[in-house]
Every structure is written in structure tokens, then in C-alpha cells.
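Have a look at the structure below, then the notes.
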Amino acid sequence: MNKETSLYLDLVRFSAAMIIFLGHASGQSFTGGLFWQLGLYLKAAVIVFFVLSGYVIGYVAHLKEHTLKDYTVSRVSRLSSIILPALILTAICDFIGLSINPSFYYDGPWGYPEGSQIINYLLSTVLLQNVWNMHLNPGINAPFWSLSYEVIYYAIFAAIFYVRGKKRIFTIALLVLLAGSSIIVLFPIWLMGYYCFKVHNEYPSYFLKYYHGLISFIFLMLFLFSPLIRTEFKFNLPYVGGGIVADYFEAITFSLHIMFGLPLFKLLRGILLKFSVEIRWLASLTFALYLFHRPLMQVLVLLSPSEPASWMTRLIVLGGVTLVVVFLGRWSERHKRTIKNFILKKL
869 MNKETSLYLD LVRFSAAMII FLGHASGQSF TGGLFWQLGL YLKAAVIVFF VLSGYVIGYV
929 AHLKEHTLKD YTVSRVSRLS SIILPALILT AICDFIGLSI NPSFYYDGPW GYPEGSQIIN
989 YLLSTVLLQN VWNMHLNPGI NAPFWSLSYE VIYYAIFAAI FYVRGKKRIF TIALLVLLAG
1049 SSIIVLFPIW LMGYYCFKVH NEYPSYFLKY YHGLISFIFL MLFLFSPLIR TEFKFNLPYV
1109 GGGIVADYFE AITFSLHIMF GLPLFKLLRG ILLKFSVEIR WLASLTFALY LFHRPLMQVL
1169 VLLSPSEPAS WMTRLIVLGG VTLVVVFLGR WSERHKRTIK NFILKKL
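Residues are numbered in my numbering as their position in the sequence shown, beginning at 1, plus a constant of 868.
Following this line, the structure appears as C-alpha cells:
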């Protein structure tokens, strides 16, 4: 993967996390509708994450992590470095918020789940809280839903890529049964990212013609129409989800944008390299921003002395989330290597 492609994907990854953060924060109860337009792209941003995840996993599996052990240790250390702090942060924020105003949790936007949260937190620790549409996310932290999808995709890919013979078939079948239909039906979306990498890796010179850049730009523009597709093409399909058409529209248009995008990335090379340090730094906050923002928003708006639409509340909510993500997120990221070394010593 050349440097401009890597930087572009990092920038897109952070932008997707920002869209999710600001899209959630755009609710009337949080900021009085600030940035409401971004709320239209919440699911699209998650679809972008799935495609990018497939691309990055393809890169590391083919060029860096040549054994199942290397692959597994890297995934576990990467996930646990943010997931464990996110669960602790969620529990603390929810405890404070429920003490202040329980109705804002139970009756507010993205309602707090009823009953004991013990099972939710235990399942979320191993990222199985949303298999078979269980919707057992930890507390108010609904963004955890997508991690059940990610971890299943990681595992199925590992079985396909690293395991051979009957063990491969048995492992894949077991994972499919564990996951459930709603997760498996989106697995081809994740694979689109993987095959984008495969094409770039095996045919690096094929997509360098100038008109490929134009095609890439056209698909990016088409991607922006996803809210219209999501509104017009809704189906009440059991075990699948009503937005499946929009999910695949977003995945296909974004994947083709990336596949044909090498000339576009090359055109942007100068500005991407100029701000490479800043882009890498922002990208390092992506996972923390995605998993930290929701519980923080919920409690910060309650701590504000002003109405949600006031600029004071907006500053408290948006600024408070940003500060915690920067400091706690960076701290968590720095422990990824420590966790990885610890696991390797125990193996």
C-alpha cells in the first residue's frame, strides 16, 4: 500500500468516526439539532468502516501477519486496548447520568436497556452482544453493535485464510451458526474491502489511468445519495434488516470509489504528505472516538447548566467528548503494544 493510499484511507476512517459522533450529537436533546445533516449518514459511516476493515485486514494478512497466531494476537490486542476502557467509561458515565436524570436514559433518545446490565457487559467484553440480533449493548453505548459484526468477520476471514482442510469448513460453519443472519448478510460488504486490496496489490498499475480517477469521483458522488436510497428502499425483512438495499448501495459505491481511486489519491499526494503527521494522529483516535462518544454525550448534556441548543451546552458536549477521546484514547492506544507483548509472553 503506497503512502498516499494509506493516508487517504486514514483520513476517510477518521472522517467516518466524526460523522457518527457529530451525527449522534446532532439530536435535539444534545445540541439542539446542530449538524443535523450528518445524522443522515450514520449507517453509511459504519458501512465505510466495514469496507475499510476488509481492506486493512487484507493488507496485514497478505503482507504482515503470516500466521494465525500473529493475526489473532494483533486483533485481540487492538480490540482490547479500546474496548476495556470503553466499557469502564460507559459504566461510570451511565452511573452518573442515571443518578442525575434516569428518565433521560430510559425515555430519551436511544433508550437505555431495561433490566440488569451484567449479561450485556459480559457479552460485550467478548463482543458477542449482537449475535442473532440480541441487541445487548452495554448501557447507553449503542455503537458497540457493530463490533459483534467486526469480530465475526475477523474470525471467518481467519478460518478462510489461515485454516486448511476439514477444520476450515467446520470452523466457518460454527461461526456462521454463532453469528446469525443479520451479521452474515453483511459479510460480503466487508469482503468488498478485502477484494479492493487484492486488486490494488495484484494489479497495481492497472487502475492508474486518469479516467479511473474520474470514475472514482463519480462513485463518491453517488455514495452521497445514500440517504435517499435508505429512505426510498426500506423493506421489512425478518433477520436481515430493512436497510439492506441502502447498505449494499453504500458498500458498492464506496468500494468502487476506493478501487478506482489510485489516480485520485496520487493527485492528492502532495497535500496528504504535507499533513501526514496530523492525519496519522487523527486516525489514531478513530476507534476511541467511535466507542467513547455516546456515553460521554449522554452525561455531559446533563451536567450543562444551559439548554441543549445553547452554545455553552454545545461546547460542553462537543468539547468534553473531544478532550476525553484525545487523552484517554491516546493513553489506551499506547497500551496496545503492552497488551500484545503480554499475550505473546503467555503463549
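Using N, Cα and C, we set each Cβ at its ideal position, and we do this for glycine too.
Taking a contact as a CB-CB distance under 8 Å, the pair Leu1170 and Ile968 counts as one, their CB atoms being some 5 Å apart. Ranking Thr1190, Ser1152, Met1180 by CA distance to the CA of Arg1162 puts Thr1190 first. The C-beta of Trp1058 has 16 or more other C-beta atoms within 10 Å across all chains shown, which makes the residue buried.
Within 10 angstroms of the beta-carbon of Val1145 lie fewer than 16 other beta-carbons, which makes it exposed. Secondary structure of Phe1103 (DSSP, three-state): coil.
Considering only Lys871, Lys911, Ala893, the residue with the shortest C-alpha distance to Gly1187 is Ala893.
Scanning its chain for C-beta atoms nearer than 8 Å, with the 5 sequence neighbours on each side dropped, one finds around Phe903 the residues Leu890, Gly891, Ala893, Ser894, in chain order. Within the same chain, and ignoring the five residues on either side of Ala929 in sequence, the residues whose Cβ sits closer than 7 Å to its Cβ are Tyr939, Phe1029. In the displayed model, Met1002 falls within coil according to three-state DSSP, outside both helix and strand. Taking 7 Å as the cut-off, the Cβ atoms of Gln997 and Asn1009 do not count as close. A residue is called buried when at least 16 other Cβ atoms come within 10 angstroms of its Cβ; Asp975 does not meet this threshold and is exposed.
For the 7 Å CB-CB criterion, Val1053 and Val1108 form a contact. In the three-state DSSP reduction, His930 falls in the helix class (H, G or I). Under the three-state reduction of DSSP output, His1203 falls in the coil class, being neither helix nor strand. By the 16-neighbour rule on beta-carbons within 10 angstroms, Gly1129 is buried. Under the three-state reduction of DSSP, Trp1149 is assigned to helix. Rounded to the nearest whole angstrom, the C-alpha separation of Val994 and Tyr1078 is 45 Å.
In terms of Cβ geometry, Pro1095 and Leu908 form a close pair [threshold 7 Å]. Take Ile964, set aside five residues on each side of it, and the residues of its chain with a beta-carbon closer than 7 Å to its own are Val1167, in chain order. Judged by their CB atoms, Gly1061 and Val919 are nearer to each other than the 7 Å cut-off.
Residue state for Gln997 is assigned as coil, using DSSP reduced to three classes.
Rounded to whole angstroms, the gap between the alpha carbons of Leu966 and Thr958 is 12 Å. If you look at Val1193, you'll find it isn't in any alpha helix (DSSP H); DSSP assigns it neither H nor E. In the displayed model, Asn1009 falls within coil according to three-state DSSP, outside both helix and strand. For the alpha helix (DSSP H) assignment, the uninterrupted runs of no fewer than 4 residues enclosed by the region 1160-1192 are, from N- to C-terminal side, 1179-1182, 1188-1192. Going by beta carbons, Val1192 and Leu1150 fall outside the 7 Å limit.
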